[in-house]
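These notes concern the structure reproduced below.
In the numbering used here, the protein residues as written are 454 to 799.
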């Protein structure tokens, strides 16, 4: 039996990573515009200890990864954790056979089209959109450069999904030591997606600003116990201050991975939101939104610098603490400018 779903097209954002790219591919397959859905959110929230060593991570996304990424839309996702490799393939095959492309967690080390093949272990996410039983092939879509859409062998795919994702050497960084366990994810997209119009854009901006201005904002279903919770603009400042203090102390090896991974999720969201604002500004002839998009994009690039600072501080975090504080001050200044302009642009 051979199945190849035809509504699969590559989508990615330069400042995003495999999570945004995969969600974009799957959303487009459901008939939704990836930028309209994924670009609407802009905020900050994190609870200490919530971190997971995987590139497809979003704070507070344990219940629904897509729901955490796209809180303004009736979309959600659900992880499946099969008990064994045979079930892991059967479940994915059955979903694709029934016409549903799905996301699968993999280890890049076992994928022949990834630059990390047989070199570096790391968590990754991609789309499964077909299979060929006779040829023992699985059809995958991965828009992350060098971009791939096509077939690999069933054995290669199975190895990538069954990997323990070990940290074998000093190049296995950030997204290792977290077994893949055959995990796969399916999306649910509601029939009542909001229209792409100026009223919707204004509603989203108002909601984002309200959440950023609130000291503590948590998604539904999360209790606020007051412990290590960072939310909104003030929480963002406290998170960066705490990271710099931990780095200066020089005795906290986890600060590098934690700050790097959390910053990556905020970088991606901020970068995609900047394009969302630019698109809205052009579509609805609102110059203030286009100007705000440029400010939000500046914030995104500050987050790129934060990641570079902490990634290069692994052997001496204390030496980089001052650089992080300097960058955080610039980031927060531009964040405030962007928020002020958005408040006036609505």
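Note that the Cβ used here is the ideal one computed from N, Cα and C, for glycine as well.
Of the residues the options, the one placed nearest residue i, counting alpha carbons only
i: residue 480; options: 631, 530, 633, 687; result: 530
i: residue 776; options: 734, 794, 745, 701; result: 701
i: residue 541; options: 506, 571, 581; result: 581
i: residue 661; options: 496, 454, 470, 476; result: 496
i: residue 569; options: 794, 598, 500; result: 598
i: residue 814; options: 752, 769, 560; result: An answer regarding residue 814 cannot be provided, because it is not within the stretch 454 to 799 covered by the chain.
i: residue 555; options: 567, 561, 562, 532; result: 532
i: residue 576; options: 535, 635, 543, 587; result: 635
i: residue 666; options: 553, 779, 640, 789; result: 789
i: residue 637; options: 485, 589, 578, 498; result: 578
i: residue 457; options: 565, 592, 476, 611; result: 592
i: residue 460; options: 686, 565, 501, 484; result: 484
i: residue 512; options: 758, 684, 704, 709; result: 684
i: residue 519; options: 778, 791, 641, 652; result: 641
Reduced DSSP secondary structure (H/G/I, E/B, other) of residue i
i: residue 569; result: coil
i: residue 618; result: coil
i: residue 601; result: strand
i: residue 530; result: strand
i: residue 577; result: strand
i: residue 546; result: helix
i: residue 606; result: strand
i: residue 562; result: helix
i: residue 637; result: strand
i: residue 584; result: strand
i: residue 511; result: coil
i: residue 458; result: coil
i: residue 595; result: strand
i: residue 784; result: helix
i: residue 682; result: strand
i: residue 500; result: strand
i: residue 554; result: coil
Length of the line joining the Cα atoms of residue i and residue j
i: residue 727; j: residue 644; result: 26 angstroms
i: residue 409; j: residue 648; result: No information on residue 409 is available, as it lies outside the stretch 454 to 799 that the chain covers here.
i: residue 509; j: residue 771; result: 29 angstroms
i: residue 780; j: residue 527; result: 36 angstroms
i: residue 625; j: residue 659; result: Unreliable placement is indicated for residue 625, whose pLDDT of 45 sits below 50; no coordinate value is reported for it.
i: residue 682; j: residue 688; result: 8 angstroms
i: residue 553; j: residue 713; result: 33 angstroms
i: residue 544; j: residue 535; result: 8 angstroms
i: residue 515; j: residue 503; result: 9 angstroms
i: residue 650; j: residue 787; result: 27 angstroms
i: residue 586; j: residue 455; result: 6 angstroms
i: residue 493; j: residue 584; result: 34 angstroms
i: residue 763; j: residue 697; result: 10 angstroms
i: residue 709; j: residue 501; result: 13 angstroms
i: residue 711; j: residue 734; result: 35 angstroms
Cβ-based burial, residue i [other Cβ within 10 Å; buried from 16]
i: residue 606; result: exposed
i: residue 539; result: exposed
i: residue 802; result: Within the shown structure, residues of the chain are numbered from 454 to 799, placing residue 802 beyond reach of any answer.
i: residue 487; result: buried
i: residue 663; result: exposed
i: residue 603; result: exposed
i: residue 746; result: buried
i: residue 797; result: exposed
i: residue 608; result: exposed
Residue i at chain B interface by Cβ criterion, 8 angstroms
i: residue 571; result: Absence of chain B from the displayed structure is noted, only one protein chain being present.
Decide yes or no for the touch test of the stretch 717 to 726 against the stretch 467 to 480: beta carbon pairs closer than 8 angstroms, at least 3 of them.
yes
At least 3 beta-carbon pairs within less than 8 angstroms: the stretch 730 to 742 vs the stretch 757 to 774:
no
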